[in-house]
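Visitor: Protein chains in written order, with the numbering used here: chain H, -14 to 251; chain E, 6 to 265; chain Z, 4 to 251. Where a beta carbon is used, it is the ideal one built from N, C-alpha and C, also for glycine.
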Amino acid sequence: MNYLRVYRRFVITYMKGKLEYNMSLAFELIANTILISVFFSGFFVIFYNFDCIGGWNKYETLFMMTSSWLTYSVSCFFFWSPMKDMGELVRTGKLDLYLCRPISPMVYLILEQFQYTFIPRLTLALVFWIYSIGKIAILWTPGAIIYYAISMVSAFVIYSSITVITGSISFWAIKSEAIVSLLTNNNYGLKNFSDYPITIYGEGTAVLLTFVIPYALTGYYPIAHLLGKTVPFPVAAYISPVVALIIAVISSVLWHMGLRRYESAN
Amino acid sequence: MRKYLRYSYISIKEYLAYPSNILAELASKLIYLFMQICLWKALFDGSTMHGNLSYIDTIKYVAAACIVSIIIECNTIDRMNQQIRSGDIVNDLLRPMDFKLMMLFKHFGNTVIKSLLIAVPTFLFAIRLISGIPFSTDRLLWGLISVSLAYAIHFLYSLVIGMLAFFLIVTWPLNMLLGAIYKILSGIWIPVTMFPEFLYRINMFLPFRAVYAIPVSLLTGSAGDVKGSILCQLMWLSVFLILAEFVWMKGYKKLVVQGG
Amino acid sequence: MGIEVRNLSKTYRRRRAVINAVNDISFTVETGSITGFIGANGAGKSTTIKMMTGILTPDAGAISIDGMTFEKNRKDIMRRIGVVFGQRSVLCWDIPIIETFRLFKDIYRIPTNIYKENLEAFSDILGIDKTIHKPPRQLSLGERMKADLAASLLYNPDVLFLDEPTIGIDVLSKEKIRNFIKKINKTRGTTIILTTHDMSDIEALCENMIILEKGAIRYDGTLCGLKSDAHTENLETIVKNIFAGEAV
């Protein structure tokens, strides 16, 4: 089965279906757009008063933030909703229905939804990405472009893997939502630390975000490398593909372990 | 009176039933506070003044805002939405009690327990982070009065939005929308003194700053016009009291006529 | 052929208690038959069905469906079985039913002509053509169940598992659903396995019956045979007695 063709067609019909029967879809998109706009407004208010943070100026920080937001939004299109629902699927046993199909449950979970509510985030991130890219001092040599592209792909893998890990926790913990939101919540979670240069948080946090929950690798280190900024752990500029691979493997293992547990204990 | 207090008591019990949620909430507040303080420290980059912004004042403001938010935060909107969706709202509406007062007491119970379990540790953490106390002793009394007024305003605001669900069924996009505007204009995140001129002016006509900007700046001692601020809050309080009563009457009629 | 279950066992560990949900049971389900599973809550009925549909892994024993096992040919088996849960829908909740059908068409690689044929046939018998463009949340339980049935039969599975299919459904829809199941069984030879608490379902549909109690098989044979053994036409009485612990 050509997954891409199926998915593309399904997404279109899914959206059409949603539009016909659910006018609140438009409302959801508007609400999300305003939410994200407000966030950017706050960002610009801060930089209205100050010129730079931790040695990064407004455009550099903006470019770093939007780079990671782009990959994050795309990752969320696929993984955010199914993993968020895992707690309920496991608790109510609805997951059973995903297990008796000739395709893997993960694939089925992804195929049957498309989290369009991230479109505003993606769009606005793109807008400000374009806005900031012209104003920063990066020399876009072929090497730099390749480096950046690889970093973006790694970032996508890292975000997706972390999301899958948080979903997999539902196989073991009963009320996992609280822990999950600590890691991934868009307002209060650890993820927001990576919107700004991690040097401002102190050494402990820098270590955490670089080597433990590698959010810093999704934007900070690659952009810092391209801009020639000093970073706490220079080696981190080169390890994102490797780390992405490792964390992808961990998430896959955890997911399958969780599934097996579900299938044997239910 | 006692039956209303019962609801506060139940609220407290419900909150205590999920210790892991309490821990997670505390952790998220501490993480948020840490992040904000680091942010402003880095922005000021060692200098005590930046333009006409004072580092100490900003730090104190941010810490105080975080602590005050724990007390003022209101989950009445979510609670009501849930109840309406599940139909449980009918039970509450059938009681021989004032629905709005009932909601208030439920919220109050929540506030009390949260102040104890979350606000206190956050306060201690804040002291450690900023190496000082985020509040100032002169005008402290006015600050406390202001916080009480803000508490009432925010509760009434949440009640009104919650009651809109009688008409709209699904209010979460509206919450999200207003919540976002609230977040920036109320001063809970960035001190309103930092706003560009045009935004600052617009904000003067809106109620949001009465919930955080006014009380927090009074508490930290950085506010100028005490009487004006309190009057402003009193005005918005009256507006929301009337609005709440109005929406309630309309909403209740609709509910009764349409059968929920 | 058909479904063979040999020495199947499953134990649950709940905190400190060990529950023998299913204890060394063996049975055979003939191809093309309609078999009903009955048991009190906790008798091991759902556990057995879940193991037969590959949702749960057994602790001991073997299941083979048409000679295939889950260990070796999981995806092939999945392609040839249909599962309908009475209490959970297979359909995507917010979008028109026809879209879930199309999704199944791709997942199960149903050839277009068969897909169209089945859609037409099901529309006729089940009357789903009226509801096919609506999302499940706008439908009544009966209409949703019919759509669930149609979805699970779109790819012509060899075996159809039904777990409490008529629970909470009105009498008219129940009859339509039962007739549909009978027709499918007759015209396509689909093996039907049905679990239910509703005796009238059993009476209307099943030739064979398996009664489970406390993880063991209490009866495995034909419906007629059960009645003649117990010397009564009243199925409910028989089953009540079994649940109360008396021998068949």
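1) Spatial neighbours of Z:Val86 within its chain, please: CB distance less than 6 Å, with the 5 preceding and 5 following residues excluded, ordered by chain position.
2) Applying the criterion that 16 or more other CB atoms from any shown protein chain within 10 Å of the CB defines a buried residue, is E:Tyr130 buried or exposed?
3) In three-state terms, what does DSSP make of Z:Lys133?
4) Please indicate yes or no: does the CB of E:Asn208 lie closer than 7 Å to some heavy atom of the ligand NAD?
5) Based on Cα-Cα distance, which residue from E:Val221, E:Ala170 and E:Gln238 lies nearest to E:Phe210?
6) Considering only the alpha carbon of each residue, which of H:Ile232, H:Thr56, H:Pro207 and H:Leu96 lies closest to H:Thr151?
7) Starting from H:Ser249, trace the alpha helix (DSSP H) in both directions and tell me its first and last residue.
8) Go through its chain and collect everything with a Cβ distance to Z:Met202's Cβ below 6 Å, but skip five positions before and after it.
9) Could you tell me which residues DSSP puts in a beta bridge with Z:Asn116?
10) Just reading off the alpha helix (DSSP H) that E:Ser163 is part of, what are its end residues?
11) Does the structure place the region 41 to 52 of chain H close enough to the region 205 to 223 of chain H that three or more beta carbon pairs sit under 8 Å?
12) Assign E:Gly265 to one of two classes, buried (16 or more other C-beta atoms within 10 Å of its C-beta) or exposed (fewer than that).
13) Following the continuous alpha helix (DSSP H) through Z:Glu236, name the residue where it begins and the one where it ends.
14) Can you give me the C-alpha to C-alpha distance between H:Ile183 and E:Ser74, rounded to a whole angstrom?
15) For chain E, find out if any of its Cβ atoms is closer than 8 Å to the Cβ of H:Val23; answer yes or no.
16) With a CB to CB cut of under 6 Å and the five nearest residues on each side skipped, what residues in its chain are close to Z:Asp223?
17) Which ranges would you report for the alpha helix (DSSP H) in the region 142 to 204 of chain Z if only whole runs of at least 4 residues count?
18) Is E:Met6 helix, strand or coil by DSSP?
19) What residues from chain E crowd round H:Trp167, counting only those whose CB sits closer than 8 Å?
20) For H:Ala140, report the span of its alpha helix (DSSP H) as first-last.
21) What span of residues does the alpha helix (DSSP H) with Z:Leu11 cover, start to end?
22) So what does DSSP say about Z:Ser67, is it helix, strand or coil?
23) Taking CB distances under 8 Å as the criterion, tell me whether H:Ala209 reaches chain E.
24) Out of curiosity, what's the CA-to-CA distance linking E:Thr225 and E:Leu242?
25) Grab me the residues of E:Tyr37's own chain with a C-beta within less than 7 Å of its C-beta, minus the 5 sequence neighbours each way, in chain order.
26) Determine the direct distance from the alpha carbon of H:Asp180 to that of H:Phe29, and round the result to whole angstroms.
27) Around the C-beta of E:Tyr205, are 16 or more other C-beta atoms found within 10 angstroms, so that it is buried, or is it exposed?
28) Go through its chain and collect everything with a Cβ distance to E:Ala215's Cβ below 7 Å, but skip five positions before and after it.
29) Which residues in chain E sit within 8 Å of H:Ile19, going by Cβ to Cβ distance?
30) Enumerate in chain order the residues of its own chain whose CB-to-CB distance from H:Trp240 is below 6 Å, with the five nearest sequence positions on each side excluded.
31) When burial is assigned at 16 or more other CB atoms within 10 Å of the CB, is E:Lys65 buried or exposed?
32) E:Arg47 versus chain H: which residues are under 7 Å apart at the beta carbon?
33) Strictly under 8 Å for the Cβ-Cβ distance: is H:Pro87 near chain Z by that measure?
34) Should Z:Trp96 be labelled buried (16 or more other beta-carbon atoms within 10 Å of its own) or exposed?
35) Taking the straight line between their C-alpha atoms, what separation do you get for H:Ile219 and H:Ser52?
36) With H, G and I counted as helix, E and B as strand and the rest as coil, what does DSSP make of Z:Asp223?
Guide: Result, derived from the coordinates:
1) Within the third sequence, residue 86 of chain Z is the residue found at index 83, counting from 1. So the qualifying residues of the chain are Thr56 and Phe164.
2) On the second sequence, residue 130 of chain E is found 125 positions in, with the first residue counted as 1. First, the residue type needs correcting, since residue 130 of chain E is Phe and not Tyr in the sequence shown. E:Phe130 should be labelled buried.
3) Reading the third sequence from its first residue, position 130 is the one you call residue 133 of chain Z. Correct three-state label for Z:Lys133: helix.
4) Of ligands this structure carries none, so the ligand NAD is not represented either.
5) Taking the second sequence and counting its residues from 1, the one referred to as residue 210 of chain E is at position 205. The shortest Cα separation from E:Phe210 among E:Val221, E:Ala170 and E:Gln238 belongs to E:Gln238.
6) Here residue 151 of chain H refers to the residue found at position 166 of the first sequence. Taking the Cα of H:Thr151 as reference, the smallest distance to any Cα among H:Ile232, H:Thr56, H:Pro207 and H:Leu96 is reached at H:Ile232.
7) To locate residue 249 of chain H, count along the first sequence from 1; it is residue 264. Unbroken alpha helix (DSSP H) run through H:Ser249: Ser225 to Ala250.
8) For the purposes of this step, residue 202 of chain Z is taken as residue 199 along the third sequence, with counting starting at 1. Hits under 6 Å: Leu238 and Glu239.
9) For this step, residue 116 of chain Z is matched to residue 113 along the third sequence. Beta-bridge pairing links Z:Asn116 to no other residue.
10) By 1-based counting over the second sequence, the position of residue 163 of chain E is 158. First-last of the alpha helix (DSSP H) with E:Ser163: Leu145 to Leu173.
11) Yes, since at least three Cβ pairs between the region 205 to 223 of chain H and the region 41 to 52 of chain H fall closer than 8 Å, the two stretches touch.
12) Stepping through the second sequence from its first residue, residue 265 of chain E is reached at position 260. Here the model assigns E:Gly265 a pLDDT of 43, short of 50, so the residue's position is not dependable, and the following value carries that caveat. Around the beta-carbon of E:Gly265, fewer than 16 other beta-carbon atoms lie within 10 Å, marking it exposed.
13) If you number the third sequence from 1, residue 236 of chain Z lands on position 233. For Z:Glu236, there is no enclosing alpha helix (DSSP H), as DSSP marks it with neither H nor E.
14) One-based indexing of the first sequence puts residue 183 of chain H at position 198. One-based indexing of the second sequence puts residue 74 of chain E at position 69. So the alpha carbons of these two residues sit roughly 26 Å apart.
15) Working through the first sequence from its first residue, we reach residue 23 of chain H at position 38. H:Val23 counts as touching chain E.
16) Within the third sequence, the letter at position 220 stands for residue 223 of chain Z. So the qualifying residues of the chain are Phe30 and Ile213.
17) Within the region 142 to 204 of chain Z, the complete alpha helix (DSSP H) runs of at least 4 residues are 144 to 156 and 174 to 191.
18) On the second sequence, position 1 is the one that residue 6 of chain E refers to. The answer is coil: DSSP assigns E:Met6 none of H, G, I, E or B.
19) As a first step, residue 167 of chain H is located in the first sequence; it is residue number 182 there, counting from the start. Note on identity: in this sequence residue 167 of chain H is Leu, with Trp being the wrong assignment. Within 8 Å Cβ-Cβ: Ala29, Ala32, Ser33 and Ile36.
20) Here residue 140 of chain H corresponds to residue number 155 of the first sequence, with the count starting at 1. Run containing H:Ala140: Pro127 to Ser153, per the alpha helix (DSSP H) assignment.
21) For the purposes of this step, residue 11 of chain Z is taken as the residue at position 8 of the third sequence. Z:Leu11: not part of any alpha helix (DSSP H); member of the beta strand (DSSP E) spanning Ile6 to Arg17, first to last residue.
22) Start at 1 with the first residue of the third sequence, and residue 67 of chain Z comes out as number 64. Residue state, collapsed to three classes: strand.
23) The residue labelled residue 209 of chain H in the question sits at position 224 within the first sequence. Cβ-Cβ to chain E under 8 Å: no for H:Ala209.
24) As a position in the second sequence, residue 225 of chain E is number 220, starting the count at 1. As a position in the second sequence, residue 242 of chain E is number 237, starting the count at 1. When rounded, the separation of the alpha-carbon atoms in E:Thr225 and E:Leu242 is 22 Å.
25) On the second sequence, residue 37 of chain E is found 32 positions in, with the first residue counted as 1. Excluding five sequence positions before and after E:Tyr37, the CB atoms of its chain that fall closer than 7 Å to its own CB belong to Cys71, given in chain order.
26) Here residue 29 of chain H is taken as the residue at index 44 of the first sequence, counted from 1. Here residue 180 of chain H is taken as the residue at index 195 of the first sequence, counted from 1. A straight line joining the alpha-carbon of H:Phe29 with that of H:Asp180 spans about 14 Å.
27) By 1-based counting over the second sequence, the position of residue 205 of chain E is 200. Exposed is the call here.
28) Reading the second sequence from its first residue, position 210 is the one you call residue 215 of chain E. Its chain contains Ala155, Ile158, Cys237, Gln238 and Trp241 as the residues whose beta carbon lies nearer than 7 Å to that of E:Ala215, once the 5 sequence neighbours on both sides are disregarded; these appear in chain order.
29) Walking along the first sequence from the start, residue 19 of chain H turns up at place 34. Under the 8 Å cutoff, chain E gives Met181, Leu182, Ala185 and Ile186.
30) To locate residue 240 of chain H, count along the first sequence from 1; it is residue 255. Spatial neighbours of H:Trp240 in its own chain (CB-CB distance under 6 Å, excluding positions within 5 residues in sequence) are listed in chain order as Val149 and Ser153.
31) Start at 1 with the first residue of the second sequence, and residue 65 of chain E comes out as number 60. Buried is the call here.
32) Working through the second sequence from its first residue, we reach residue 47 of chain E at position 42. Checking the sequence, you will find Ala at residue 47 of chain E rather than Arg. By Cβ distance, chain H contributes Ile38, Gly39 and Ile185.
33) For this step, residue 87 of chain H is matched to residue 102 along the first sequence. With its beta carbon less than 8 Å from one in chain Z, H:Pro87 belongs to the interface.
34) Here residue 96 of chain Z corresponds to residue number 93 of the third sequence, with the count starting at 1. That one is exposed.
35) Working through the first sequence from its first residue, we reach residue 219 of chain H at position 234. Working through the first sequence from its first residue, we reach residue 52 of chain H at position 67. Looking at the sequence provided, one finds Pro at residue 219 of chain H rather than Ile. Computed Cα separation, rounded: 20 Å.
36) Within the third sequence, the letter at position 220 stands for residue 223 of chain Z. Under the three-state reduction of DSSP, Z:Asp223 is assigned to strand.
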